[in-house]
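*Asks:*
Chains as they are written, first to last, in this note's numbering: chain F, 15 to 302; chain S, 601 to 919; chain Z, 132 to 379.
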């Protein structure tokens, strides 16, 4: 029973993190057809910036998070305008440019902060005991809570606001949206900013748990790409479903065997999925 | 994806390649600095990595994000055979290539029906598995440190250099010939429009699979050679960083041309070395340069240059 | 004359929608059949089914005595069934010659060496009226030439049955007048041909037999004359109360 509860809680945290990161990635792909391999690099920058503002400069926590999130949003918009847009005619070039940007940011972090891990202070220091048996850092629970809140806010934004509707329109048919008078460029910028900010907040909250390292953009990238493909590129609901599936599978396997095999399973899921149902659980159909 | 052959300088391309080969042959005779010779040996090996990548990815348009799987597969196969069974380098190199080719068969069969980013993801994921395995089975593979004491391919530096040049000339030469042949044309048609190629009676699945296997074979051979050159094998030969580096070299040089990626391999290897003076900034400048090149010279250096040259000739003739 | 193609109860669903429903017809060797029908009637889907790009949910396609359902597209081509596409799909970055050479290099095109393939390709390009343009890149060729290129590519595989999907689409009258005799000649040379077309007048000049599809079903199969008087066909195109083709 203990184990079941532990898996329940840790699985939820893992899934929430994946969902938060994957959501932004899925959003950009669904709306602008951009596979942004620098997405997790933005998450990394968010982590490092919070480290800088909170741990180094001793700013107020809320201020630190706000500053780093907004900065990453602005950086992302700049990246879109100057690095991605010029090469958007080719899916492939976008892949290349964004992966190179990720490498560039890794070097940038090494340049400013040096290679070693950085310890980021937790926002809440305690350990909690849930249900009387499950020990977990409050920081992780906080991450879970924030992720859920943000996902709900995102859902409200997309389905209840005007801009959200514009985003949906462009995602479905960009040309038709243009004919309706929707400024697709503004939509793209909005989506990029939102996506980046979600990643940055993810970085901010996860950093105390994992630490900040210049290579930290690399492991999650494959994982969230897997989540998005499993859920169906371009489907927000699918992404959440897939995040839950992959998150829980990883945690269960980690408990049962070892954490390496947990990662291996994620890889196998991707390969199986791609072989048998490339459009994912709920995604856009891929044509022959 | 651009990968245009420019017919007007077709034969000058071959002359250029022969000149390059001649220059490379002369290197150990004129350059006494051992480090530079070692560097060019490395570049020679990288040239085979990228050429083998390009014949698949530049020509058929299926972009492999896990090329290190082939390189590392060959490297480890050769190293393990040599380390545990004392198999001589000649044999291990061929077996290394063979093992990598088998990987190509196993992975290619399910993955090749995927397109674009999906294929990229699948190959990326597939390559991640062996990397972790080297750690899990660290007793055999030496874990993160790898294995030392692999036999050299030849005791002297000059000997190693000429063998590396032989490797490059043979492998790249064969790949180049394949690319310029009828088969290469068919591969390009698959890139342009796979459905159209199918409608022209081409068994695209078989062509893609065979190319994938060939790509794997040559990469494995080069990887095996690398083990015998470094006298060491480690997980860096299986890493995503290597896969990405191969892609970057190819794209910067100009995918789909074989010569482009080869140029990219030499240029970037030398560029990387030139930056050693600015050690701290080195990789920063390197990656920044790559990003800029991708944005401003999207077709790659070789196609851009050849277009530039033929524009020049047109202007001269046109008056 | 022998039957070269027999389609039996062919059906294809996309989700809940029947794009092609229980279509059956027979084509004899050397015959030329026109297929008409409003947009979305299932004509191109039918071609995709015949050429193996789509798998039917039911029915049989018997080509030269063998059921070809489930075969890969290239296998079908290599058995002698070739097609052109409604929206041309040349290999843009290859030259006109190279475009046709690809088809020549297929098993049925039967050329192995570059020289043989290029010669055969050149002859074909000449026969469709593209001599002199073979070194131009496909992306630089005008639309009318691309239509001819499609034809040359299909012909390079030595087909017995040729499926032409809207060969006149996007062409001006002059271009149609020069392309039409080419298609006629192909029929006279013994190729069996099925043509999907919207340009009814030009189609009726070429074919003696027309089949009409509407919402995926065959609603008529006969001579142009018979069809122009068939109420169902008129309604399919013009709605109830429309004029007949005879008056057009």
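Built from N, CA and C at the ideal position, the CB exists for glycine as well.
On a predicted model such as this, the values are computed, not experimentally measured, just so you know.
Strictly under 8 Å for the Cβ-Cβ distance: is residue 205 (chain Z) near chain S by that measure?
*Replies:* In the third chain, counting from the first residue as 1, residue 205 (chain Z) sits at position 74. Yes, contact with chain S.
*Asks:* Excluding the 5 residues flanking residue 604 (chain S) on each side, which residues of the same chain have their C-beta closer than 7 Å to its C-beta?
*Replies:* In the second chain, residue 604 (chain S) corresponds to position 4, counting from 1. With a pLDDT of only 39 at residue 604 (chain S), under 50, the local geometry of the prediction cannot be trusted, and no value is derived from it.
*Asks:* Please decide whether residue 236 (chain Z) counts as near chain S, where near means a Cβ-Cβ distance under 8 Å.
*Replies:* Mapped onto the third chain, residue 236 (chain Z) falls at position 105. Closer than 8 Å to the CB of residue 236 (chain Z) there is at least one CB belonging to chain S.
*Asks:* Shortest alpha-carbon distance to residue 147 (chain F) belongs to which of F:18, F:280 and F:52?
*Replies:* Translated into positions along the first chain, residue 147 (chain F) becomes position 133. Nearest of F:18, F:280 and F:52 to residue 147 (chain F), Cα basis: F:18.
*Asks:* Tell me the rounded alpha-carbon separation between residue 139 (chain Z) and residue 157 (chain Z).
*Replies:* What you label residue 139 (chain Z) is simply residue 8 of the third chain in a count that begins at 1. What you label residue 157 (chain Z) is simply residue 26 of the third chain in a count that begins at 1. If you take the alpha carbons of residue 139 (chain Z) and residue 157 (chain Z), they lie about 9 Å apart.
*Asks:* Pull out every residue of the segment 788 to 800 of chain S whose Cβ sits closer than 8 Å to any Cβ of chain Z, in chain order.
*Replies:* Cβ contacts with chain Z: 788, 789, 792, 793, 795, 796, 797, 798, 799 and 800.
*Asks:* I want to verify the contact list: residues of chain Z whose CB lies under 8 Å from the CB of residue 740 (chain S), in sequence order.
*Replies:* Counting from 1 along the second chain, the entry for residue 740 (chain S) is found at position 140. The contacting residues do not exist; residue 740 (chain S) stays about 42 Å from chain Z at best.
*Asks:* Using only CA atoms, which one of F:279, F:128 and F:69 lies nearest to residue 267 (chain F)?
*Replies:* The sequence position of residue 267 (chain F) within the first chain is 253, counting from 1. For the residues F:279, F:128 and F:69, the minimum Cα distance to residue 267 (chain F) belongs to F:279.
*Asks:* Can you grab the Cα-Cα spacing for the pair residue 275 (chain Z) / residue 117 (chain F), in whole Å?
*Replies:* By one-based count along the third chain, residue 275 (chain Z) stands at place 144. By one-based count along the first chain, residue 117 (chain F) stands at place 103. For residue 275 (chain Z) and residue 117 (chain F), the distance between alpha carbons rounds to 47 Å.
*Asks:* Are residue 52 (chain F) and residue 112 (chain F) closer than 8 Å when you measure CB to CB?
*Replies:* Reading the first chain from its first residue, position 38 is the one you call residue 52 (chain F). Reading the first chain from its first residue, position 98 is the one you call residue 112 (chain F). Yes. Within cutoff.
*Asks:* Given that residue 786 (chain S) touches chain Z, what residues does it touch there, using C-beta distances under 8 Å?
*Replies:* Numbered from its first residue, the second chain carries residue 786 (chain S) at position 186. Chain Z residues near residue 786 (chain S): 233 and 236.
*Asks:* Cβ closer than 8 Å: which chain S residues qualify as neighbours of residue 209 (chain Z)?
*Replies:* Mapped onto the third chain, residue 209 (chain Z) falls at position 78. Within chain S, the residues near residue 209 (chain Z) are 801.
*Asks:* Excluding five sequence neighbours on each side, which residues of the same chain lie with their C-beta closer than 6 Å to the C-beta of residue 239 (chain Z)?
*Replies:* Indexing the third chain from 1 puts residue 239 (chain Z) at position 108. Within the same chain, residue 239 (chain Z) has close Cβ partners 209, 288 and 289.
*Asks:* Along the segment 242 to 260 of chain Z, where does the CB come closer than 9 Å to a CB of chain S? Name the residues.
*Replies:* 242, 243, 244, 245 and 248
*Asks:* Name the chain S residues that come within less than 8 Å of residue 288 (chain Z), Cβ to Cβ?
*Replies:* Against the third chain, residue 288 (chain Z) aligns to sequence position 157. Chain S residues near residue 288 (chain Z): 800 and 801.
*Asks:* So residue 348 (chain Z) is in the beta strand (DSSP E); what residue range does that whole segment cover?
*Replies:* Within the third chain, numbered from 1, the residue matching residue 348 (chain Z) stands at position 217. Start and end: 348 to 353.
*Asks:* Please go through the same chain and pick out, in chain order, the residues whose beta-carbon is closer than 7 Å to the beta-carbon of residue 842 (chain S), but skip the five residues on each side of it.
*Replies:* Position 242 of the second chain, counting from 1, holds the residue named residue 842 (chain S). If we look at residue 842 (chain S) and ignore the five residues flanking it on each side, its Cβ neighbours are 668, 671 and 836.
*Asks:* Between which residues of its own chain and residue 221 (chain Z) is the CB-CB distance below 6 Å, once the five residues before and five after are set aside?
*Replies:* Residue 221 (chain Z) sits at position 90 when you count from the first residue of the third chain. Around residue 221 (chain Z): 230, 269, 277 and 280.
*Asks:* Using beta carbons (cut-off 8 Å, strictly below), is residue 222 (chain Z) in contact with chain S?
*Replies:* To locate residue 222 (chain Z), count along the third chain from 1; it is residue 91. Yes, its Cβ sits closer than 8 Å to a Cβ of chain S.
*Asks:* Counting contacts by CB-CB distance shorter than 8 Å, is residue 239 (chain Z) in contact with chain S?
*Replies:* To locate residue 239 (chain Z), count along the third chain from 1; it is residue 108. Yes - at least one Cβ of chain S is within 8 Å of the one on residue 239 (chain Z).
*Asks:* Counting only runs that start and end within the segment 640 to 716 of chain S, where is the alpha helix (DSSP H) found for 4 or more residues in a row?
*Replies:* 668 to 685 and 689 to 711
*Asks:* Taking only beta-carbon positions, decide if residue 214 (chain Z) is within less than 8 Å of chain S.
*Replies:* Position 83 of the third chain, counted from the start, is the residue given in the question as residue 214 (chain Z). For residue 214 (chain Z), the answer is yes, since a Cβ of chain S falls inside 8 Å of its Cβ.
*Asks:* For a cutoff of 8 Å on Cβ pairs, would you count residue 379 (chain Z) as touching chain S?
*Replies:* Here residue 379 (chain Z) refers to the residue found at position 248 of the third chain. Because residue 379 (chain Z) carries a pLDDT of 47, less than 50, the predicted location of this residue cannot be relied on, and no value is offered for it.
*Asks:* If you draw a straight line from the alpha carbon of residue 79 (chain F) to that of residue 716 (chain S), how long is it in whole angstroms?
*Replies:* Your numbering for residue 79 (chain F) matches position 65 in the first chain. Your numbering for residue 716 (chain S) matches position 116 in the second chain. When rounded, the distance between both Cα atoms is 36 Å.
*Asks:* Is the beta carbon of residue 820 (chain S) less than 8 Å from the beta carbon of residue 658 (chain S)?
*Replies:* Position 220 of the second chain, counted from the start, is the residue given in the question as residue 820 (chain S). Position 58 of the second chain, counted from the start, is the residue given in the question as residue 658 (chain S). Note that the C-beta distance between residue 820 (chain S) and residue 658 (chain S) is not below 8 Å.
*Asks:* What residue range does the alpha helix (DSSP H) around residue 145 (chain Z) cover?
*Replies:* Locating residue 145 (chain Z) in the third chain gives position 14, counting from the first residue. Not the alpha helix (DSSP H): residue 145 (chain Z) falls in the beta strand (DSSP E), residues 134 to 145.
*Asks:* In angstroms, rounded to a whole number, what distance separates the CA positions of residue 752 (chain S) and residue 694 (chain S)?
*Replies:* Residue numbering aside, residue 752 (chain S) sits at position 152 when the second chain is read from its first letter. Residue numbering aside, residue 694 (chain S) sits at position 94 when the second chain is read from its first letter. Taking the straight line joining both Cα atoms gives about 15 Å.
*Asks:* Closer than 8 Å between beta carbons: that is the criterion. Which residues of the segment 180 to 200 of chain Z meet it against chain S?
*Replies:* 182 and 184
*Asks:* Which word fits residue 735 (chain S), buried or exposed, when buried means at least 16 other C-beta atoms lie within 10 angstroms of its C-beta?
*Replies:* Your numbering for residue 735 (chain S) matches position 135 in the second chain. With fewer than 16 neighbouring CB atoms inside 10 Å of its own CB, residue 735 (chain S) falls in the exposed class.
*Asks:* Where does residue 299 (chain Z) land, buried or exposed, given buried means 16+ other C-beta within 10 angstroms?
*Replies:* Here residue 299 (chain Z) corresponds to residue number 168 of the third chain, with the count starting at 1. Buried.
*Asks:* Let me know the secondary structure DSSP gives residue 198 (chain Z) once reduced to three states.
*Replies:* Position 67 of the third chain holds residue 198 (chain Z). Strand at residue 198 (chain Z).
*Asks:* Any Cβ of chain Z within less than 8 Å of the Cβ of residue 782 (chain S)?
*Replies:* Locating residue 782 (chain S) in the second chain gives position 182, where the first residue counts as 1. Closer than 8 Å to the CB of residue 782 (chain S) there is at least one CB belonging to chain Z.
*Asks:* Is there a Cβ of chain F sitting closer than 8 Å to that of residue 837 (chain S), yes or no?
*Replies:* The residue labelled residue 837 (chain S) in the question sits at position 237 within the second chain. Chain F contact via Cβ: absent.
*Asks:* Answer yes or no: does any C-beta atom of chain F fall closer than 8 Å to that of residue 703 (chain S)?
*Replies:* Reading the second chain from its first residue, position 103 is the one you call residue 703 (chain S). Residue-level contact check: residue 703 (chain S) does not touch chain F, since none of the beta carbons of chain F fall below 8 Å from its beta carbon.
*Asks:* Alpha carbon to alpha carbon, how far is residue 620 (chain S) from residue 908 (chain S)? Give it in angstroms, no decimals.
*Replies:* By one-based count along the second chain, residue 908 (chain S) stands at place 308. By one-based count along the second chain, residue 620 (chain S) stands at place 20. Going from the Cα of residue 908 (chain S) to the Cα of residue 620 (chain S) covers about 20 Å.
*Asks:* Which class does residue 365 (chain Z) belong to by DSSP, given the choice of helix, strand or coil?
*Replies:* On the third chain, residue 365 (chain Z) is found 234 positions in, with the first residue counted as 1. Correct three-state label for residue 365 (chain Z): helix.
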